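Q: Chains as they are written, first to last, in numbering that gives the first Met the number 0: chain C, 0 to 213; chain E, 0 to 213.
2 protein chains.
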Amino acid sequence: MRLAELSERSGVSIATIKYYLREGLLAPGRQVNATTAEYDEDHLRRLRLVRAMIQVGRVPVATVREVLGHVDDDSLGRTIRLGAALWALPQVPEPDTEDEYLQAARREVDRLLETLGWSNARALITISPAYRSLVVAVATFRRLGYDWDAGLLVSYARLMHQAAALDLDFVETHPSEAEKVEAAVLGAILVEPMLQSLHRLAQEEESARRYGFE
Amino acid sequence: MRLAELSERSGVSIATIKYYLREGLLAPGRQVNATTAEYDEDHLRRLRLVRAMIQVGRVPVATVREVLGHVDDDSLGRTIRLGAALWALPQVPEPDTEDEYLQAARREVDRLLETLGWSNARALITISPAYRSLVVAVATFRRLGYDWDAGLLVSYARLMHQAAALDLDFVETHPSEAEKVEAAVLGAILVEPMLQSLHRLAQEEESARRYGFE
DNA sequence: CTCCTTGGTAAGTGCCACTATCCAAGCACC
DNA sequence: GGTGCTTGGATAGTGGCACTTACCAAGGAG
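Next up, the structure:
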């Protein structure tokens, strides 16, 4: 198919597709002649993935490029490849100042990992961006004066561990390795907004259940 | 305290605080004379909340203003007030086109709510932004050709319902109504990045556990 | 009295995801 | 074989947003 058809079938404007091509988010089509390039189903699929990441996942363009680079890198093992792809995803920005709250939060998270028995964590996870993000979130809570029970964090972690197990079970259902990695990235990118939506719906439901509409 | 101290204690630059004052995210200080205004602990607390929403929660400034308006609105009941605050929070943008995937996703989500017995949902939730976001996420998955079991969604929903119950238990521990609402907003704003971080950490852990570092 | 600081305002900056405009080279139809 | 529309490609511009800089008049301190 040509650019116009790719645009129509994906619902992405031609100008935007050109932009993605320029930014290296999409491989160039097979050049037929000086004024025609041919695109195929793979391009369409990749374009939809890019769109999903940018629109639903709110992933910056530069990050999408990085993530896709890892997804396409056949030389990596699965855990590393998945990790590489996930690590590239944006989360909370790096804190500018190193204060007491941050240090306390780090100790708290370390204790959490120990309690959970996430042993792989100690070696690998402590350099993961997700670890940093978690520390920042905990520190922010503390800074605002909230003082919850450490058990709450453990409970949340157990829940998310169950969710992660569901994710990976789903990933398992895909035969090829490339599809697995793509599914895993989507699991991070799309499942998260889904979980977030479900979380808020559940809050509304539970709030109405407990308090009615008083 | 004066602006300079407010800035120092919050870690937010004076220029930025002035910007927030202008944007109505922060109440003006008590004007002592033409060149001096006095701020108190409430200002500091509110400023930190604003910062948390913007930096950790990535909430746009205009939305923060809206959410705070609801938080401060004493005339509303709790569920409504919480709902109003949560509904103002940004999620996935409104889809531009109404296609078959979207309609199918809507039916699927409706079925999900029925299965879960979230009866309050049917009346209220279907107009909630979270409902829309969920529909968009499901539709996006389908559009990409992923075809999971409906039971997976139910499992995720049950997990998030448990998380929501934990949130509300935590909110319950706060005595005053104003604090409860603020805690609830934070529960949405800060717990979500925390859950997200935990989700990714859990994925890394579980992936390493299943596959090692092959 | 002089100089520094304060709060307030208006205009500017940097980033980012597009988007509008051009352009030369086909291709399609007469 | 001409003519006009379409195509892919490049460059520059746009709009939104979260700040930030520059400036101002009015205090207050020494």
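A virtual CB, placed ideally from N, CA and C, is assigned to each residue, including glycine. As the structure is a computational prediction, the values presented were derived from the model and not from experiment.
Determine the contact status of residue 193/E and residue 155/C, defining contact as a CB-CB distance below 8 angstroms.
A: As a first step, residue 193/E must be located in the second sequence, where it is residue number 194. As a first step, residue 155/C must be located in the first sequence, where it is residue number 156. Cβ atoms of residue 193/E and residue 155/C: closer than 8 angstroms.
Q: Tell me which same chain residues have a C-beta within less than 7 angstroms of the C-beta of residue 170/E, skipping the five on either side of it?
A: Start at 1 with the first residue of the second sequence, and residue 170/E comes out as number 171. Correct list, in chain order: 179, 182, 183, 186.
Q: Does residue 66/C come within less than 8 angstroms of chain E when only Cβ atoms are used?
A: Start at 1 with the first residue of the first sequence, and residue 66/C comes out as number 67. Not one chain E Cβ lies under 8 angstroms of residue 66/C.
Q: Checking the sheet assignment: what are the DSSP bridge partners for residue 30/C?
A: The residue given as residue 30/C occupies position 31 in the first sequence. DSSP lists 36/C as partners of residue 30/C.
Q: Report yes or no: is there a C-beta of chain E within less than 8 angstroms of the C-beta of residue 201/C?
A: Within the first sequence, numbered from 1, the residue matching residue 201/C stands at position 202. Output row for residue 201/C: interface = yes.
Q: Name the two residues that bound the continuous alpha helix (DSSP H) containing residue 186/E.
A: The count along the second sequence starts at 1 and reaches residue 186/E at position 187. 176–188 is the span of the alpha helix (DSSP H), which, as asked, contains residue 186/E.
Q: Drop a sphere of 10 angstroms on the beta-carbon of residue 126/E, count the other beta-carbons inside from all chains shown, and report buried for 16 or more, exposed for fewer.
A: If you number the second sequence from 1, residue 126/E lands on position 127. Exposed: under 16 other Cβ atoms inside 10 Å.
Q: If you follow the alpha helix (DSSP H) that residue 114/E is in, where does it begin and where does it stop?
A: Counting from 1 along the second sequence, the entry for residue 114/E is found at position 115. Segment 99–115, the alpha helix (DSSP H) holding residue 114/E.
Q: Between the alpha carbons of residue 19/C and residue 70/C, how many angstroms are there, rounded?
A: Within the first sequence, numbered from 1, the residue matching residue 19/C stands at position 20. Within the first sequence, numbered from 1, the residue matching residue 70/C stands at position 71. Approximately 17 angstroms between the Cα atoms of the pair.
Q: By how many angstroms is the C-alpha of residue 22/E removed from the C-alpha of residue 198/C?
A: Start at 1 with the first residue of the first sequence, and residue 198/C comes out as number 199. Start at 1 with the first residue of the second sequence, and residue 22/E comes out as number 23. If you take the alpha carbons of residue 198/C and residue 22/E, they lie about 30 angstroms apart.
Q: Tell me whether the stretch 6–19 of chain C and the stretch 103–114 of chain E touch, counting them as touching only if at least three CB pairs, one residue from each stretch, are closer than 8 angstroms.
A: With the cut-off at 8 angstroms, the stretch 6–19 of chain C and the stretch 103–114 of chain E do not touch.
Q: Using C-beta distances below 7 angstroms, list every residue in its chain close to residue 64/C, excluding the 5 sequence neighbours before and after it, in chain order.
A: Position 65 of the first sequence, counting from 1, holds the residue named residue 64/C. So the list reads 22, 23, 24, once near-sequence residues are dropped.
Q: Anything in chain C within Cβ reach of residue 135/E, meaning under 9 angstroms, just list it in chain order.
A: In the second sequence, the residue the question calls residue 135/E occupies position 136. In chain order: 54, 55, 192, 196.
Q: Does residue 114/C get closer than 8 angstroms to chain E when you measure Cβ to Cβ?
A: Position 115 of the first sequence, counted from the first residue, corresponds to residue 114/C. No, no contact with chain E.
Q: Count Cβ pairs between the stretch 49–58 of chain E and the stretch 160–169 of chain C that sit closer than 8 angstroms; are there 3 or more?
A: In short, these stretches do not touch, since the Cβ pair count stays below three.
Q: Can you name the start and end residues of the alpha helix (DSSP H) that residue 135/E belongs to?
A: The residue labelled residue 135/E in the question sits at position 136 within the second sequence. Element bounds for residue 135/E: 128–142.
Q: Quick check: what's the CA-CA separation for residue 200/E versus residue 73/C?
A: Locating residue 200/E in the second sequence gives position 201, where the first residue counts as 1. Locating residue 73/C in the first sequence gives position 74, where the first residue counts as 1. Going from the Cα of residue 200/E to the Cα of residue 73/C covers about 23 angstroms.
Q: Excluding the 5 residues flanking residue 224/E on each side, which residues of the same chain have their C-beta closer than 8 angstroms to its C-beta?
A: Because chain E spans 0 through 213 in this model, residue 224/E falls outside it and cannot be assessed.
Q: When the distance is taken between beta carbons, is residue 42/E closer than 8 angstroms to residue 5/E?
A: The residue you call residue 5/E lines up with position 6 of the second sequence. The residue you call residue 42/E lines up with position 43 of the second sequence. Contact: yes.
Q: Identify the continuous alpha helix (DSSP H) that holds residue 15/C and give its terminal residues.
A: Translated into the one-based positions of the first sequence, residue 15/C becomes position 16. Looking at the DSSP string, the run of the alpha helix (DSSP H) that includes residue 15/C is 13–22.
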